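2 protein chains.
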Amino acid sequence: MTASDGPAQGERPGLRADAALNRQRILAAAREALALSGDASMQSIAKRAGIGQGTMYRHFATREALILAVHRKDVQELVEAAPKLVASRPAPIALREWFDRLASYGRVKHGLAGALYSVMRETLADEGYASIVDAITLLLNAGKQAGTVRQDIDAEEMLLLVGFLWRIEYDEQWEARTSHLLDLVMDSLRPKATE
Amino acid sequence: MTASDGPAQGERPGLRADAALNRQRILAAAREALALSGDASMQSIAKRAGIGQGTMYRHFATREALILAVHRKDVQELVEAAPKLVASRPAPIALREWFDRLASYGRVKHGLAGALYSVMRETLADEGYASIVDAITLLLNAGKQAGTVRQDIDAEEMLLLVGFLWRIEYDEQWEARTSHLLDLVMDSLRPKATE
DNA sequence: AACATTAGCGGACACATGTCCGCTTGGCAA
DNA sequence: TTGCCAAGCGGACATGTGTCCGCTAATGTT
Chain A
75 MTASDGPAQG ERPGLRADAA LNRQRILAAA REALALSGDA SMQSIAKRAG IGQGTMYRHF
135 ATREALILAV HRKDVQELVE AAPKLVASRP APIALREWFD RLASYGRVKH GLAGALYSVM
195 RETLADEGYA SIVDAITLLL NAGKQAGTVR QDIDAEEMLL LVGFLWRIEY DEQWEARTSH
255 LLDLVMDSLR PKATE
Chain B
75 MTASDGPAQG ERPGLRADAA LNRQRILAAA REALALSGDA SMQSIAKRAG IGQGTMYRHF
135 ATREALILAV HRKDVQELVE AAPKLVASRP APIALREWFD RLASYGRVKH GLAGALYSVM
195 RETLADEGYA SIVDAITLLL NAGKQAGTVR QDIDAEEMLL LVGFLWRIEY DEQWEARTSH
255 LLDLVMDSLR PKATE
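Going down the list, the sequences are from chains A and B.
The first sequence begins at 75 in our numbering and counts up one residue at a time.
The second sequence begins at 75 in our numbering and counts up one residue at a time.
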């Protein structure tokens with residue numbers, strides 16, 4: 075995403091002026107609040123933004139939607155990284171690196187990875203977020219074509235498999251555990267010898 | 075549940091008479107309420123049992139603990155199935171069957187599989203529930219000794235990997251998806267060729 | 001039996017989520 | 001400009017979770 079992409083993020087066509095302003099206010103407040111604590115409540119964010127509960131939920135129906143909007147930029151980067159990885163590395167490596175990256179969001183940006191997951195599951199059909207599924211599909215397909223990834227897995231299943239990323243607790247073991255489990259998952263992607 | 079079932083489950087040593095009674099009341103109410111709807115609230119169960127919130131939470135600190143207590147019998151069966159499976163089948167088959175069984179609880183008994191998971195994660199050290207972890211460890215060890223399961227995985231990691239079991243939604247695809255994903259996980263358990 | 005100790009009770013609280021709906025006001029049409 | 005009216009507002013509500021703490025009464029002791 076570059077500066078020439080247009081006006082500030084979060085703008086929506088056909089949105090009344092006051093509504094647009096409130097949207098910005100919410101995003102600003104959410105950015106602040108989430109930076110302080112990853113699990114700031116919707117309520118507290120609304121309060122911080124100086125708006126009502128109703129307004130909050132009208133703009134962002136779920137916690138996930140809000141988190142995703144706040145981190146839109148990161149999400150976009152993640153999506154855009156997929157084609158680059160595919161182009162520059164063997165498919166299995168590319169896959170692994172992409173998920174490493176996803177995992178690191180889980181650590182750094184509180185809640186982001188989890189939000190990604192829920193949103194993707196709920197809105198697989200939704201145009202706005204389908205891009206993330208596309209990114210994974212791209213990575214998988216590259217491997218399938220190269221014969222280094224089994225045919226019978228799709229992006230949605232992949233997401234279910236790496237679901238541990240947003241449940242694993244973040245302690246000093248985090249890195250080792252995450253890495254190890256990703257290893258295991260990657261192994262499971264190899265084509266069967268008999269295939 | 076019939077009157078002739080014998081001594082009621084859930085008895086605890088050193089529990090005052092009134093406390094024991096309340097515990098039974100809660101369990102009875104929970105059984106009823108959960109049968110009607112898998113996500114009956116703690117509040118509503120307490121009300122149904124005719125006791126206060128505080129009492130509820132003192133007896134069962136979390137929703138999971140309650141669900142687990144209600145389904146104690148099923149849990150026990152699950153745990154007891156592990157040694158039998160190990161004795162009668164090659165390790166990888168035994169593992170797969172055990173998790174198939176766990177998965178089916180997820181489908182039939184609303185919340186049970188999920189409760190198992192949380193409880194196990196939270197109380198790995200706890201004597202009461204460690205038995206479930208033991209069951210998995212048993213299955214894994216059998217495979218490790220036979221050389222059909224890689225060395226570098228433990229029960230906790232195994233649980234993280236099959237976490238999708240309690241997130242996957244139950245629709246007409248449930249069976250196929252679950253089975254397929256379990257296939258994948260089982261594949262990831264194979265020793266590496268180079269190991 | 002009377003008493004002291006303290007386990008256990010249970011409801012009020014603090015706080016969360018998500019919904020509903022009467023009031024306000026931005027933006028267009030005349 | 002004025003005025004209309006639907007888009008939008010925002011707080012009250014309904015409901016849920018989990019905690020706290022003053023009161024009650026079960027149990028061991030004398």
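For every residue, glycine included, the Cβ atom is placed at its ideal position computed from N, Cα and C.
Bear in mind that the values here come from a model prediction, so they are computed numbers and not experimental data.
Compute the Euclidean distance between the alpha carbons of residue i and residue j, then round it to the nearest angstrom.
{"i": "A:H133", "j": "A:A177", "result": "28 Å"}
{"i": "A:M260", "j": "B:H145", "result": "35 Å"}
{"i": "A:A142", "j": "B:Q98", "result": "What sits at residue 142 of chain A in the sequence shown is Leu, not Ala. Rounded to whole angstroms, A:L142 to B:Q98 spans 45 Å at the Cα level."}
{"i": "B:V149", "j": "A:A103", "result": "46 Å"}
{"i": "B:A209", "j": "A:K266", "result": "28 Å"}
{"i": "B:L110", "j": "B:L140", "result": "16 Å"}
{"i": "B:T252", "j": "B:F238", "result": "8 Å"}
{"i": "B:L198", "j": "B:V207", "result": "Confidence at B:L198 is low in this model, with a pLDDT of 46, below 50, so its placement is unreliable and the value that follows should be read with caution. Those two C-alpha atoms are separated by around 7 Å."}
{"i": "A:E151", "j": "B:E151", "result": "48 Å"}
{"i": "B:V153", "j": "A:R264", "result": "32 Å"}
{"i": "A:G69", "j": "A:R170", "result": "Summary: the structure shown does not reach residue 69 of chain A, with chain A confined to residues 75 through 269, and so no result is reported for it."}
{"i": "A:D245", "j": "B:V223", "result": "27 Å"}
{"i": "B:M232", "j": "B:A93", "result": "37 Å"}
{"i": "A:G128", "j": "A:G88", "result": "20 Å"}
{"i": "A:D257", "j": "A:A135", "result": "36 Å"}
Tell me the residue span of the alpha helix (DSSP H) that contains residue i.
{"i": "B:T129", "result": "127 to 133"}
{"i": "A:T252", "result": "248 to 263"}
{"i": "A:R137", "result": "137 to 144"}
{"i": "A:L239", "result": "From DSSP, A:L239 is part of no alpha helix (DSSP H); its letter is neither H nor E."}
Kindly list the residues whose CB is nearer than 7 Å to the CB of residue i, restricted to its own chain and excluding five residues on each side of it in sequence; keep chain order.
{"i": "A:P157", "result": "L212"}
{"i": "A:A107", "result": "A114, S118, I119, R122"}
{"i": "B:V160", "result": "A168, L212, L213, A216"}
{"i": "A:A155", "result": "W172, R175"}
{"i": "A:M116", "result": "M130, R137"}
{"i": "A:L235", "result": "V259"}
{"i": "B:I242", "result": "W248, R251, T252"}
Assign residue i to one of three DSSP states: helix, strand, or coil.
{"i": "B:D113", "result": "coil"}
{"i": "B:D150", "result": "Note on identity: in this sequence residue 150 of chain B is Gln, with Asp being the wrong assignment. Residue state, collapsed to three classes: helix."}
{"i": "B:A219", "result": "The sequence shown places Gln at residue 219 of chain B, not Ala. Helix."}
{"i": "B:L89", "result": "coil"}
{"i": "B:I227", "result": "coil"}
{"i": "A:K183", "result": "coil"}
{"i": "B:R163", "result": "coil"}
{"i": "B:A94", "result": "helix"}
{"i": "B:K121", "result": "helix"}
{"i": "A:K266", "result": "coil"}
{"i": "B:A155", "result": "helix"}
Under 6 Å Cβ to Cβ from residue i, same chain only, skipping five residues before and after it: list those, please.
{"i": "A:K218", "result": "Q225"}
{"i": "A:I100", "result": "A123, H133"}
{"i": "A:Y179", "result": "L186, A187"}
{"i": "A:E230", "result": "none"}
By the 10 Å Cβ neighbour count, where 16 or more other Cβ atoms means buried, how is residue i classified, buried or exposed?
{"i": "B:L255", "result": "buried"}
{"i": "A:E316", "result": "Because residue 316 of chain A is not part of the residues shown, which for chain A are 75 to 269, the question remains open."}
{"i": "A:A220", "result": "exposed"}
{"i": "A:S262", "result": "buried"}
{"i": "A:K147", "result": "exposed"}
{"i": "B:A91", "result": "exposed"}
{"i": "A:A250", "result": "exposed"}
{"i": "B:A165", "result": "buried"}
{"i": "A:L95", "result": "exposed"}
{"i": "A:R105", "result": "exposed"}
{"i": "A:A189", "result": "buried"}
If you measure from the CB of residue i, is any heavy atom of the ligand ATP nearer than 7 Å?
{"i": "B:Q247", "result": "No copy of the ligand ATP occurs in the structure displayed, which carries no ligand at all."}
Beta-carbon within less than 8 Å of residue i's beta-carbon, same chain only, minus the 5 sequence neighbours each way: which residues are those?
{"i": "B:S162", "result": "A168"}
{"i": "A:D228", "result": "T211, L214"}
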